[in-house]
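S.K.: Encoded as structure tokens, here's the structure I'll be asking about.
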Ligand SMILES: NC(=O)c1ccc[n+]([C@@H]2O[C@H](COP(=O)([O-])OP(=O)(O)OC[C@H]3O[C@@H](n4cnc5c(N)ncnc54)[C@H](O)[C@@H]3O)[C@@H](O)[C@H]2O)c1
């Protein structure tokens, strides 16, 4: 199995892309640590996965350096170290630019950008001390590059993740820690169903800009994470990979089937 015996920490693992990553790495033989603010779901999924899975409750909107260190330490206590960190937890807030609330802007940055920074530092310290390298994967988005007028905080946080990934990557590769990011297109999770794809009109608009003609599946993001964390990706450093059904390369609109 591709990741047998590795210790993999995944934030935002109670549902959506984080849960798909937890399931994929578990199936690949890893020990998985599911971190989320949603206690019931996280606990239930860790129990369902079985003995190589543990659950940690954490509200990353209040993440500090101490909280980050304690999450990494808890993973090390459970399974004896940390090999992979997936900074996946994320939130979105939609409002027109001129009305966008300051507190919503800060809240999105704390969860989407500051927590990955602090967890990345804490994980890197542990990986350097272990001396066996590692992999850190940050969840970005096509919105690191594309603009939607009512999602300034989200786009800024994901653009920040792109550069956080690049700086971490060049800082950590001397320790054989590879840092990369994934920038998904539209994957039908709760976040998407309740925001950018909440109506039929929005669905048509998104599909008209998606050459694959469909949304992605969470497993199609988890498979990229599994690849990036593996030796098959040993020369990929500081990149953001965009599994987006062709969205970013598109310069026309696609006919939508009913
Ligand atoms: N679904 C997509 O199309 C898509 C596209 C691009 C990027 N992404 C990114 O992928 C990641 C996962 O998104 P998703 O679609 O699975 O969303 P989701 O809303 O289904 O899941 C997000 C998870 O993060 C957790 N979370 C939120 N706030 C938290 C907090 N304060 N502390 C701890 N955990 C918290 C939630 O409880 C949830 O389990 C996010 O970073 C998102 O920005 C998703």
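Residue numbers (our numbering): 64 to 321.
All C-beta atoms, glycine included, are put in the ideal place defined by N, C-alpha and C.
Note that the structure is predicted; figures quoted are calculated from it, not measured.
Residue 202 bridges to which residues according to DSSP?
M.R.: As a position in the chain shown, residue 202 is number 139, starting the count at 1. 245.
S.K.: Per DSSP, residue 99 forms a beta bridge with which residues?
M.R.: Taking the chain shown and counting its residues from 1, one reaches residue 99 at position 36. Answer is 120.
S.K.: Grouping DSSP H, G and I as helix and E and B as strand, with all else coil, what is residue 268?
M.R.: Position 205 of the chain shown holds residue 268. Helix at residue 268.
S.K.: Let me know if residue 212 comes out buried or exposed under the rule of 16 or more other beta-carbons within 10 Å of its beta-carbon.
M.R.: Numbered from 1 along the chain shown, position 149 holds the residue referred to as residue 212. Exposed is the call here.
S.K.: At a threshold of 8 angstroms, does residue 228 count as lining ligand 1 (C-beta to nearest heavy atom)?
M.R.: By 1-based counting over the chain shown, the position of residue 228 is 165. Incorrect: residue 228 has no Cβ contact closer than 8 angstroms to ligand 1.
S.K.: Looking at residue 84 and residue 285, is the spacing between their C-beta atoms short of 9 angstroms?
M.R.: Counting from one through the chain shown, the residue named residue 285 turns up at place 222. Counting from one through the chain shown, the residue named residue 84 turns up at place 21. Contact flag set, yes.
S.K.: Can you name, in chain order, every residue of its own chain whose Cβ lies under 6 angstroms from the Cβ of residue 198, other than the five neighbours on each side?
M.R.: Locating residue 198 in the chain shown gives position 135, where the first residue counts as 1. Within the same chain, residue 198 has close Cβ partners 147, 241, 292.
S.K.: Between residue 104 and ligand 1, is the CB less than 8 angstroms from at least one heavy atom?
M.R.: Looking up residue 104 in the chain shown gives position 41. Result yes, Cβ under 8 angstroms from ligand 1.
S.K.: Beta carbon of residue 206, beta carbon of residue 245: below 9 angstroms?
M.R.: By 1-based counting over the chain shown, the position of residue 206 is 143. By 1-based counting over the chain shown, the position of residue 245 is 182. Against a cut-off of 9 angstroms, the Cβ pair of residue 245 and residue 206 comes out as no contact.
S.K.: For a test of your reading of the model: does the CB of residue 154 fall under 8 angstroms from any non-hydrogen atom of ligand 1? Yes or no.
M.R.: Position 91 of the chain shown holds residue 154. True, at least one ligand heavy atom lies under 8 angstroms from that Cβ.
S.K.: Is any non-hydrogen atom of ligand 1 found closer than 8 angstroms to the C-beta of residue 315, if you look at the structure I gave you?
M.R.: As a first step, residue 315 must be located in the chain shown, where it is residue number 252. Residue 315: no, Cβ never under 8 angstroms from ligand 1.
S.K.: According to the neighbour-count rule (16 or more other Cβ atoms, all chains shown, within 10 Å of its Cβ), is residue 113 buried or exposed?
M.R.: Taking the first residue of the chain shown as 1, we reach residue 113 at position 50. Residue 113 comes out exposed.
S.K.: Can you tell me the Cα-Cα spacing of residue 269 and residue 233, whole angstroms?
M.R.: What you label residue 269 is simply residue 206 of the chain shown in a count that begins at 1. What you label residue 233 is simply residue 170 of the chain shown in a count that begins at 1. Between residue 269 and residue 233, the C-alpha separation is close to 35 angstroms.
S.K.: Over the uninterrupted beta strand (DSSP E) stretch that includes residue 74, give me the two end residues.
M.R.: Along the chain shown, read from residue 1 onward, the residue named residue 74 stands at position 11. Residue 74 -> beta strand (DSSP E) spans 70 to 74.
S.K.: Looking at ligand 1, does it come within less than 8 angstroms of residue 265, judged from the CB to the closest heavy atom?
M.R.: For this step, residue 265 is matched to residue 202 along the chain shown. The answer is no for residue 265.
S.K.: By how many angstroms is the C-alpha of residue 210 removed from the C-alpha of residue 260?
M.R.: Counting from one through the chain shown, the residue named residue 260 turns up at place 197. Counting from one through the chain shown, the residue named residue 210 turns up at place 147. Cα-Cα distance, rounded: 16 angstroms.
S.K.: Please report the residue range of the alpha helix (DSSP H) in which residue 134 lies.
M.R.: For this step, residue 134 is matched to residue 71 along the chain shown. Note, residue 134: alpha helix (DSSP H), 128 to 142.
S.K.: Who does residue 147 pair with in a DSSP beta bridge?
M.R.: For the purposes of this step, residue 147 is identified with residue 84 of the chain shown, where counting begins at 1. Answer is 71, 198, bridged to residue 147.
S.K.: Three or more beta-carbon pairs under 8 angstroms between the region 269 to 278 and the region 166 to 178, yes or no?
M.R.: Flag = no, the region 269 to 278 and the region 166 to 178 do not touch.
S.K.: What are the partner residues of residue 174, as DSSP defines its beta bridges?
M.R.: The residue you call residue 174 lines up with position 111 of the chain shown. Beta-bridge pairing links residue 174 to no other residue.
S.K.: Determine the closest residue to residue 89 out of 76, 100, 101, 99, with distance taken between C-alpha atoms.
M.R.: Locating residue 89 in the chain shown gives position 26, where the first residue counts as 1. Of the candidates 76, 100, 101, 99, the one whose C-alpha sits nearest the C-alpha of residue 89 is 76.
S.K.: Identify whether residue 228 lies in helix, strand or coil by the three-state DSSP scheme.
M.R.: Position 165 of the chain shown holds residue 228. It is helical.
S.K.: According to DSSP, is residue 279 helix, strand or coil?
M.R.: In the chain shown, the residue the question calls residue 279 occupies position 216. Strand.
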